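Undergrad:
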Amino acid sequence: MLIDSHCHLNRLDLTNHNGDLTAALAFAREQGVSHMLCVSVILEDLPEMMAIARAHENIYVSTGLHPTEATSQEPNVEKLTSLASDPLVIAIGETGLDYYRCEGDITWQQKRFRTHIQAAKAIDKPLIIHTREAREDTIRIMQEENAQDPKGVMHCFTETWEMAKQAMDLNFYISFSGIVTFKNAKELQDIAKKIPLDRMLIETDAPYLAPVPYRGKPNEPAYVRHVAEFIAQLRGISFEEVAEKTTENFERLFLKR
Ligand code: NI
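Numbering of the sequence shown is given in this note's numbering, commencing with residue 199 and proceeding in unit increments.
Here it is in structure tokens:
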């Protein structure tokens with residue numbers, strides 16, 4: 199059993215499945231992917247995401263506004279918590295900081311990040327954090343806002359071992375995407391090798407970032423199997439152990455089991 203802890207089911211490229219999301223989900227189940235967390239990028243996507251989660255089994259949703267998305271209606275804590283009140287919504291995000299894709303004034307990004315942490319605390323649901331080229335500010339804001347209380351995951355992690363440790367000190371999990379399978383990802387592979395198994399999650403971030411051997415092609419939840427297989431090989435442990443531990447971790451963090 200595998201869980202794709204981060205995908206965007208409403209944005210999949212379904213060419214391989216004749217445009218049929220149900221077929222893509224069936225293929226994922228065949229590959230052993232039992233649960234998926236469909237992550238919000240913009241709040242306008244939520245109705246479609248909720249419809250997918252209601253129509254299929256074991257699909258959960260997060261609610262949040264990605265740090266690089268522009269909006270005319272910046273959500274406040276009340277807005278986020280009311281959107282997250284449905285039991286199918288099990289996380290707040292993705293949120294965080296991205297200085298790579300953002301030029302100029304970054305204070306609004308930081309304010310948005312703080313709002314999401316405050317919402318996660320208010321509703322006691324974990325955070326999904328995106329961070330890119332903003333290591334110090336991400337950790338500082340997590341500390342200042344006491345993000346260790348709702349906890350959460352550093353999704354699609356591509357930063358340093360030092361940052362991974364700082365995030366784990368704040369009760370966060372570290373999630374690896376298909377990037378870990380890329381040839382040039384040596385530093386990330388070292389982190390995936392030494393991180394405690396009880397802090398590891400896996401994801402596709404589909405439709406983006408397909409793992410080897412599908413690199414450059416549209417990604418889908420079924421391919422989280424390749425992330426698990428690669429990490430198992432990297433650590434010299436069985437695929438089953440990676441699958442079992444990352445599934446337990448997901449259930450502990452997001453389903454509070
Ligand atoms: Ni994502």
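No residue lacks a Cβ here, since even glycine has one placed at the ideal position from N, Cα and C. All values reported here derive from a predicted model rather than from experimental measurement.
Please report the Cβ distance between Glu418 and Ala226, rounded to the nearest whole angstrom; I am assuming they are in contact, meaning their Cβ atoms lie under 8 Å.
TA: Their Cβ separation, rounded to whole angstroms, is 7 Å, which keeps Glu418 and Ala226 in contact under 8 Å.
Undergrad: Going by other Cβ atoms of all chains shown within 10 Å of its Cβ, with 16 needed for buried, is Arg299 buried or exposed?
TA: It is exposed - the Cβ of Arg299 has fewer than 16 other Cβ atoms within 10 Å.
Undergrad: Within this structure, are the beta carbons of Leu432 and Gln387 separated by less than 9 Å?
TA: A contact, by the Cβ cut-off of 9 Å.
Undergrad: Would Gln346 and Met352 qualify as a contact pair, given that the criterion is a beta-carbon distance under 9 Å?
TA: No; because the gap between Cβ atoms is not below 9 Å, this pair is not in contact.
Undergrad: Taking Cβ to Cβ, would you say Lys381 is nearer than 9 Å to Val410?
TA: A contact, by the Cβ cut-off of 9 Å.
Undergrad: Beta carbon of Asp367, beta carbon of Glu331: below 9 Å?
TA: No. Outside cutoff.
Undergrad: Heavy atom of the ligand NI less than 8 Å from the Cβ of Asp403, yes or no?
TA: Result yes, Cβ under 8 Å from the ligand NI.
Undergrad: Can you tell me the Cβ-Cβ gap for Gly291 and Leu244, rounded? I've got them flagged as a contact below 8 Å.
TA: Not a contact, Cβ separation roughly 13 Å.
Undergrad: Which residue marks the beginning of the beta strand (DSSP E) containing Ile290, and which one marks its end?
TA: Where Ile290 is concerned, the enclosing beta strand (DSSP E) stretches over 287-296.
Undergrad: Work out the CA separation of Gln316 and Pro285 for me, nearest whole Å.
TA: C-alpha separation (whole angstroms): 19 Å.
Undergrad: Is Ile234 helix, strand or coil by DSSP?
TA: First, the amino acid is wrong: residue 234 is Met here, not Ile. Looking at Met234 - three-state DSSP - the assignment turns out to be strand.
Undergrad: Output yes or no for whether 9 Å exceeds the beta carbon distance between Ile201 and Met234.
TA: Yes.
Undergrad: Quick one: does the C-beta of Val237 sit closer than 8 Å to a heavy atom of the ligand NI?
TA: Yes, the ligand NI has a heavy atom inside 8 Å of this Cβ.
Undergrad: Examine the ligand NI and report whether any of its heavy atoms sits within less than 8 Å of the Cβ of His204.
TA: For the ligand NI, at least one heavy atom lies less than 8 Å from the Cβ of His204.
Undergrad: For Ala320, which residues from the same chain have a beta carbon less than 8 Å from its beta carbon, with the 5 sequence-adjacent residues on both sides left out?
TA: So the list reads Val275, Thr279, once near-sequence residues are dropped.
Undergrad: Which whole-angstrom value is the C-beta distance of Ile400 and Ser373, which I expect to be below 8 Å?
TA: So it is a contact: roughly 7 Å between Cβ atoms.
Undergrad: From Phe428 to Ala222, what distance separates their C-alpha atoms?
TA: Distance between the alpha carbons of Phe428 and Ala222 is about 22 Å.
Undergrad: State the DSSP-derived secondary structure class of Tyr371, mapped to helix, strand or coil.
TA: Three-state result, Tyr371: strand.
Undergrad: Between the C-alpha atoms of Tyr412 and Thr213, what's the straight-line distance to the nearest angstrom?
TA: Distance between the alpha carbons of Tyr412 and Thr213 is about 14 Å.
Undergrad: According to DSSP, Ile377 sits in a beta bridge with which residue or residues?
TA: Answer is none; Ile377 lacks a bridge partner.
Undergrad: Compute the minimum distance between the beta carbon of Glu357 and the heavy atoms of the ligand NI, and state whether it is under 8 Å.
TA: No, since every heavy atom of the ligand NI falls outside the 8 Å radius drawn around the Cβ of Glu357.
Undergrad: How about His314: is its Cβ closer than 8 Å to a heavy atom in the ligand NI?
TA: No.
Undergrad: Give the DSSP-derived three-state secondary structure of Tyr412 in the structure shown.
TA: If DSSP states are grouped into helix, strand and coil, Tyr412 belongs with coil.
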